[in-house]
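Novice:
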Amino acid sequence: MNLKYDILELTREYGRSGKRDIRGWVETHKYCYGLGYLVFFLAAFFVTERLVVPKYMISCPVDEWIPFHEYFVIPYLMWFLLLPASWFYTMITSKEDFQNLCMMMFGGMTISIVIYWLFPNGLDLRPESPGSGVCGELVRLIQAVDTPGNVCPSIHVSSSLSVAAAAHGSQALRKYPWLRRGIDLIVCGICLSTMFLKQHSLVDVVCGCLVTAGMAAAVYGLPWRTWMKGTWMEFFL
Numbered sequence: 535m536n537l538k539y540d541i542l543e544l545t546r547e548y549g550r551s552g553k554r555d556i557r558g559w560v561e562t563h564k565y566c567y568g569l570g571y572l573v574f575f576l577a578a579f580f581v582t583e584r585l586v587v588p589k590y591m592i593s594c595p596v597d598e599w600i601p602f603h604e605y606f607v608i609p610y611l612m613w614f615l616l617l618p619a620s621w622f623y624t625m626i627t628s629k630e631d632f633q634n635l636c637m638m639m640f641g642g643m644t645i646s647i648v649i650y651w652l653f654p655n656g657l658d659l660r661p662e663s664p665g666s667g668v669c670g671e672l673v674r675l676i677q678a679v680d681t682p683g684n685v686c687p688s689i690h691v692s693s694s695l696s697v698a699a700a701a702h703g704s705q706a707l708r709k710y711p712w713l714r715r716g717i718d719l720i721v722c723g724i725c726l727s728t729m730f731l732k733q734h735s736l737v738d739v740v741c742g743c744l745v746t747a748g749m750a751a752a753v754y755g756l757p758w759r760t761w762m763k764g765t766w767m768e769f770f771l
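When we follow our numbering, the leftmost residue of the sequence shown carries the number 535, and every step to the right adds one.
1. Just how far apart, CA to CA, sit PHE632 and ALA699?
2. Leaving out the 5 sequence neighbours to the left and right, which residues in its chain are closer than 8 angstroms to MET612 when beta-carbon positions are compared?
3. For PHE653 and LEU675, what's the separation of their Cα atoms in angstroms?
4. Closest by CA to ILE608, which one among THR746, HIS734 and CYS669?
5. Following the continuous alpha helix (DSSP H) through PHE769, name the residue where it begins and the one where it ends.
6. Please state whether the Cβ-Cβ distance between THR627 and ALA701 is less than 9 angstroms.
7. Counting Cβ pairs closer than 8 angstroms, one from the stretch 677-692 and one from the stretch 729-742, do we hit at least three?
8. Between which two residues does the alpha helix (DSSP H) carrying LYS629 extend?
9. Assuming contact is defined by CB atoms lying nearer than 9 angstroms, are ALA747 and MET637 in contact in what I supplied?
10. Using a Cβ-Cβ cutoff of less than 7 angstroms, which residues in the same chain neighbour LEU569 once the five nearest sequence positions on both sides are dropped?
11. Measuring straight from C-alpha to C-alpha, what distance separates TRP599 and PHE769?
12. Give me the residue from THR728, LEU617, VAL697 and ASP658 with the minimum Cα distance to LYS589.
Listed below in structure tokens is the structure:
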């Protein structure tokens with residue numbers, strides 16, 4: 535048995551030809567509604583971006599040694615593929631892995647939003663010219679959409695590391711060590727890209743790592759599933 539065979543079996547089981555009722559499947563797998571948190575997060579992040587004015591500029595001497603390079607936009611943008619891929623893969627293959635991933639990632643996002651309000655921060659590292667060519671244009675687009683405020687801890691980093699942590703904590707992925715290594719490489723590239731694109735300081739990256747480390751320790755070390763029983767969050771179990 536290999537990963538390709540597993541995926542083919544999953545597509546047959548969960549409606550590749552439309553025979554399976556997706557709505558019915560979701561109703562019997564209510565933990566999927568955990569993704570509804572994204573509505574709250576996006577709203578909270580949008581409000582934070584508009585209302586929170588940075589008071590503290592984040593930087594460290596190491597930032598000056600890291601050169602800007604527009605080609606790092608490629609691993610940076612992989613974040614937008616990594617997250618949904620991790621959600622839907624774990625949602626279908628392992629309820630436990632999906633729960634662990636969401637708790638780490640969404641918990642880290644919530645902590646970050648709270649910190650942005652309590653410690654409004656930003657950075658002034660972006661170059662005047664973000665390069666040329668396709669990569670340079672992509673960087674300009676990112677900078678136009680993503681302001682240099684609310685940067686520490688880095689959600690880009692903490693959420694990516696949550697995927698790696700979930701992969702290494704997954705019993706199902708033990709038989710696919712190459713997939714774990716691939717995820718590690720992608721996550722490493724994403725974290726480095728935030729600094730080489732000057733989207734984040736090394737300080738932001740380190741703090742993002744600490745957020746995920748704390749969430750991973752809580753998710754894998756505390757009986758939070760027991761605590762959720764009998765509460766409005768029980769649907770997630």
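Ideal Cβ placement from N, Cα and C applies to all residues, glycine included.
Specialist: Checking against the coordinates, here is how it stands:
1. 12 angstroms
2. ILE720, GLY723 and ILE724
3. 27 angstroms
4. CYS669
5. No alpha helix (DSSP H) contains PHE769, which DSSP labels as neither H nor E.
6. no
7. yes
8. 629-652
9. no
10. TRP621
11. 48 angstroms
12. ASP658
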